[in-house]
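Chains as they are written, first to last, in numbering that gives the first Met the number 0: chain A, 0 to 412; chain B, 0 to 412. First up is the structure itself, then whatever we jot down about it.
2 protein chains.
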Amino acid sequence: MRTVVCKFGGTSVGSLERIENAARRVISLAEKGDKVIVVSSAMAGETDGLIDLARQISEFPNEREMDILLATGEQKAIALFAMTLRKLGYPAVSLCGWQVPIITDEVHTKARIRKIGTQRLKNLLSEGYIPVVAGFQGVTEDWEITTLGRGGSDTTAVALAAAIGADCEIYTDVTGVFTADPRIVPNARKIEKISYEEMLELASLGAKVMQIRSVEFAAKYRVRIHVRSSFEEEEEGTWIVPEDEIMEKVVVRGITVDTKESRITVVRVPDQPGIAAKLFKALGEAHIVVDMIVQNVSHEGYTDMSFTVSRTDAPKAEEIVRKVAKEIGAKEVVRDDRVAKVSIVGLGMRSSYGTAAKMFEVLSKNGINIMAISTSEIKISCLIDEKYAELAVRALHEAFIEDGEEIKVENEG
Amino acid sequence: MRTVVCKFGGTSVGSLERIENAARRVISLAEKGDKVIVVSSAMAGETDGLIDLARQISEFPNEREMDILLATGEQKAIALFAMTLRKLGYPAVSLCGWQVPIITDEVHTKARIRKIGTQRLKNLLSEGYIPVVAGFQGVTEDWEITTLGRGGSDTTAVALAAAIGADCEIYTDVTGVFTADPRIVPNARKIEKISYEEMLELASLGAKVMQIRSVEFAAKYRVRIHVRSSFEEEEEGTWIVPEDEIMEKVVVRGITVDTKESRITVVRVPDQPGIAAKLFKALGEAHIVVDMIVQNVSHEGYTDMSFTVSRTDAPKAEEIVRKVAKEIGAKEVVRDDRVAKVSIVGLGMRSSYGTAAKMFEVLSKNGINIMAISTSEIKISCLIDEKYAELAVRALHEAFIEDGEEIKVENEG
Chain A
0 MRTVVCKFGG TSVGSLERIE NAARRVISLA EKGDKVIVVS SAMAGETDGL IDLARQISEF
60 PNEREMDILL ATGEQKAIAL FAMTLRKLGY PAVSLCGWQV PIITDEVHTK ARIRKIGTQR
120 LKNLLSEGYI PVVAGFQGVT EDWEITTLGR GGSDTTAVAL AAAIGADCEI YTDVTGVFTA
180 DPRIVPNARK IEKISYEEML ELASLGAKVM QIRSVEFAAK YRVRIHVRSS FEEEEEGTWI
240 VPEDEIMEKV VVRGITVDTK ESRITVVRVP DQPGIAAKLF KALGEAHIVV DMIVQNVSHE
300 GYTDMSFTVS RTDAPKAEEI VRKVAKEIGA KEVVRDDRVA KVSIVGLGMR SSYGTAAKMF
360 EVLSKNGINI MAISTSEIKI SCLIDEKYAE LAVRALHEAF IEDGEEIKVE NEG
Chain B
0 MRTVVCKFGG TSVGSLERIE NAARRVISLA EKGDKVIVVS SAMAGETDGL IDLARQISEF
60 PNEREMDILL ATGEQKAIAL FAMTLRKLGY PAVSLCGWQV PIITDEVHTK ARIRKIGTQR
120 LKNLLSEGYI PVVAGFQGVT EDWEITTLGR GGSDTTAVAL AAAIGADCEI YTDVTGVFTA
180 DPRIVPNARK IEKISYEEML ELASLGAKVM QIRSVEFAAK YRVRIHVRSS FEEEEEGTWI
240 VPEDEIMEKV VVRGITVDTK ESRITVVRVP DQPGIAAKLF KALGEAHIVV DMIVQNVSHE
300 GYTDMSFTVS RTDAPKAEEI VRKVAKEIGA KEVVRDDRVA KVSIVGLGMR SSYGTAAKMF
360 EVLSKNGINI MAISTSEIKI SCLIDEKYAE LAVRALHEAF IEDGEEIKVE NEG
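Pasting the structure below:
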């Protein structure tokens, strides 16, 4: 008999009607013989409403109190969910984080799970109950309520699945993970199976389906995750699984675009040791994360240096860089907010050649200039002018996914 | 140094502005040197909103789940209250019932407090924190959330005061306990001190200031309660205290009227042993509480029997009584919903004479017929036609409270 953790996001429990819909999904699994544990987020809008109340009191509300406040959102949802299951004839018992217990560290508003007590859950399952667990929340060893940060319910679900040795179904408002954003690429396809590593890259590069930490957690404990729609019952979603379960390793699994970065260029920097260190140390001290970095070849003892930061940090970064530029005798500082980062991600890149060259060629054929490049073992990102962002994604999707079969790589395992 | 438990009702924490107002009341006590523990209800409307949600799911929602749901109301309020105190510069720590802990029995939705852990509260107080405790909720020995029933926050406050050896201030939307409802009697006065017993009678007879169970609790542990307005800072409210602290025992402390009962009369009942038992046993089995009972003297082997029940139970009671009436050969059953119970309450009645006679005389002078009478050591209630309810209260207030000084009784202690 399979045990499965079913996690429902805020939209999927956004009204009593939707909770009933979610409950029926759970019941259909139970009737197939699965043992089910439900993990629920707060009803859509609830958490934002609570944050808004707190911010009306103070710009920086006390974080311990914030956790007591925010934890009510999921607590309300699980009680309503359990009541609904009971109304439909299924014995259900809701559990707050501290009742499971889900033990975390003491970092309020972004705690990490340390340990999960499984005895109560196992007892409930063996007595035929459906446990309904509050996502996003835990408790410290000192009985203080904590929360896990945005998207933390995914982590709760994956951690429970790991602790109990279960699969994990993430019910959400999309039908799975796609090869590209279907709003940009009409031909985008749903991915049947994707590895943890690929999913992590896609999530880091702008795909919003899963919280990054929950995928890391799944990878660590080899929890199989099924991301699927809470509204379309029959349709299979996307399975996020260990790499060795994926028979077919395509070169490019998915294509993302991120338009939330800005580029800052320091023009005509004296090309001396310690200059780059000085610049990035100043940014680090201001807690600004730098993403892509490009330094041109030196020319007559001078060089240009470019890097990207998140667009919200850009004005502050520019200010800091202007100060340092003066000290180091650079000519000028230019900020460009109209950039986009397009990326291709796929496990198969490890064992195929010419992928980068093909990407550059596709962009070039479409008249798109590349401002910066960064790569990892399984992804290549190019920084381009924002106005070409959608064109680039469409062209790359056509080249690598729609017509890309010829460079498919067979599983070497 | 005095320790004081300050309880704020739903209206007093009904908005962020009101929470700030309440927090300032607490701070002014703290600045006078008092150690303060706050007990807060849910924000006004919150609990009703949650109940409404649950009832949309099911007419009889599971009571364990109901408690998980309802407990979120106070949890939200205490977090916001503690954040507000911190914003105003006072270190505060909110605590859910299970964090105190407030241990209760296992009767969901109307649990009784069994035990309160005081160590954490005492530590917080001695470290200079203001603990903000969720009213209305507790936890069983098995870590299940319970709630104490309507008005349960009063009980939480009194129980905490008893456990910690503190006074209890109940901040509410009225300025204290009055000799009669000021909306009916413009000359009604605020009572300065009232005994537990008197307060219990007044509360049972329709005065809505305090939950009955919380007064019983206070009486048992001799907790002094100060009922006062959360909006008018300077004004002293009413102290509810042990009888021996009251120097001045007036005959009548207060006058109440209750228009929430109905009278049912069984006409021409054979006057035989066992008939009354049969009738009231049937009502008891249907969980209907009977209040006043009157049986006329027998006449030719027959008698009339009247009793009152709450108006909501009246239709069901009538139905049951009609069945029994047939069996016992009574002539007919008459239900009257238009009745009112006026009562006078006062410790001094114990040691004064003629109070009942004076009450009947006042009613009679005003042309008001008495349908039934019930008495206890410190109260007399008369059932009258509902249309005379306000007239009766005004006349009794004038006779016993406004002109009643001449029969004031001195404290015999």
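Ideal placement from N, C-alpha and C gives every residue a C-beta, glycine not left out.
Same chain, Cβ closer than 6 Å to residue i, neighbours up to 5 away in sequence not counted
i      : result
A:A355 : I379
A:S40  : G8, G9, G134, S152
B:K407 : Caution applies to B:K407, whose pLDDT of 47 falls short of 50 and renders its modelled position unreliable; the value that the coordinates give is listed next. For B:K407, where only same-chain residues beyond five positions count, the Cβ hits under 6 Å are V249.
B:I367 : I383, Y387, A391
A:R1   : D33
A:I372 : C381
A:V464 : Outside the displayed span of chain A (0 to 412) sits residue 464 of chain A, for which this structure offers no information.
A:H396 : A179, V184, I254
B:A29  : V35
Other residues of its chain near residue i: CB distance less than 8 Å, five sequence neighbours each side excluded
i      : result
B:E389 : I183, V256
B:I190 : G175, V176, F177, T178, T237, R252, G253
B:G412 : Unreliable positioning characterises B:G412 in this predicted model, as indicated by a pLDDT of 39, which lies under 50. The coordinate reading is nonetheless provided below. The residues are D243.
A:D402 : none
Beta-carbon proximity check, residue i vs residue j, cutoff 7 Å
i      : j      : result
B:S57  : A:K86  : yes
B:I343 : B:I254 : yes
A:V176 : A:T258 : no
B:I452 : B:L79  : Nothing about residue 452 of chain B can be reported from this structure: the residues present for chain B run from 0 to 412 only.
A:T146 : A:D47  : no
B:D166 : B:V3   : yes
B:P272 : B:G328 : no
A:K109 : A:G72  : no
A:V38  : A:V25  : no
A:E385 : A:R349 : no
A:E62  : B:M82  : no
A:M198 : A:I239 : yes
A:K207 : A:I245 : no
B:V308 : B:L278 : no
B:L68  : B:L94  : no
Nearest candidate by alpha-carbon position, reference residue i, set the options
i      : options                        : result
B:T117 : B:G300, B:I224, B:G96, B:I211  : B:G96
A:K315 : A:Q136, A:L52, A:A156, A:V288  : A:V288
A:K280 : A:G150, A:H298, A:V320, A:K75  : A:V320
B:A313 : B:M304, B:D303, B:L282, B:V341 : B:L282
A:R221 : A:P241, A:E233, A:L204         : A:P241
A:I400 : A:L278, A:A158, A:T178         : A:T178
A:T302 : A:S309, A:R267, A:K330         : A:R267
A:A394 : A:S375, A:V361, A:T374         : A:V361
B:G150 : B:N20, B:N122, B:A43           : B:A43
B:C5   : B:R227, B:H298, B:K357         : B:R227
B:L52  : A:Y195, A:L15, A:R23, A:G88    : A:L15
A:L346 : A:Y195, A:S309, A:V173         : A:Y195
A:D336 : A:R310, A:K330, A:K322, A:S351 : A:R310
A:L159 : A:P100, A:G88, A:R23           : A:P100
A:T154 : A:L68, A:K219, A:Q55, A:D141   : A:K219
A:L201 : A:S125, A:V341, A:A162         : A:V341
A:P60  : A:H107, A:A275, A:G88, A:Y352  : A:H107
A:V338 : A:Q98, A:A285, A:M291          : A:M291
B:A161 : B:E126, B:L123, B:Q210, B:I224 : B:I224
Interface residues of chain E facing residue i [CB-CB closer than 7 Å]
i     : result
A:M82 : Here the protein chains are A and B, and chain E is not one of them.
Chain-order list of residues whose beta-carbon lies under 7 Å from that of residue i (same chain, five-residue window excluded)
i      : result
B:E317 : I263, V332, R334
A:F359 : I369
A:R17  : S11
B:E19  : T83
Whole-number beta carbon distance between residue j and residue i, since they are thought to touch under 8 Å
i      : j      : result
B:S229 : B:S11  : 4 Å
A:V131 : A:A91  : 5 Å
A:A21  : A:Y170 : 7 Å
B:V138 : B:I112 : Their Cβ separation, rounded to whole angstroms, is 11 Å, which puts B:V138 and B:I112 out of contact at 8 Å.
B:I163 : B:L120 : 6 Å
Check your understanding: the region 19-52 of chain B: which residues have C-beta closer than 9 Å to a C-beta of chain A, in chain order?
Key -> Of all residues in the region 19-52 of chain B, those with a C-beta nearer than 9 Å to a C-beta of chain A are E19, L49, L52, reading in chain order.
Practice item. Please name the residues in the region 131-145 of chain B whose beta-carbon is closer than 7 Å to at least one beta-carbon of chain A, in chain order. Key: Hits within the stretch, in order: W142.
**Study point:** Against chain B: residues of the region 109-127 of chain A by CB proximity under 8 Å
**Key:** Along the region 109-127 of chain A, there is no position whose C-beta sits under 8 Å from a C-beta of chain B.
Exercise for review: Using a Cβ-Cβ cut-off of less than 7 Å, list which residues of the region 182-193 of chain B approach chain A; keep chain order.
Suggested key: Hits within the stretch: zero.
Review point. Of the residues that make up the region 2-20 of chain A, which ones have a beta carbon closer than 7 Å to any beta carbon in chain B?
Key: Taking 7 Å as the Cβ-Cβ cut-off against chain B, the residues of the region 2-20 of chain A that qualify are L15.
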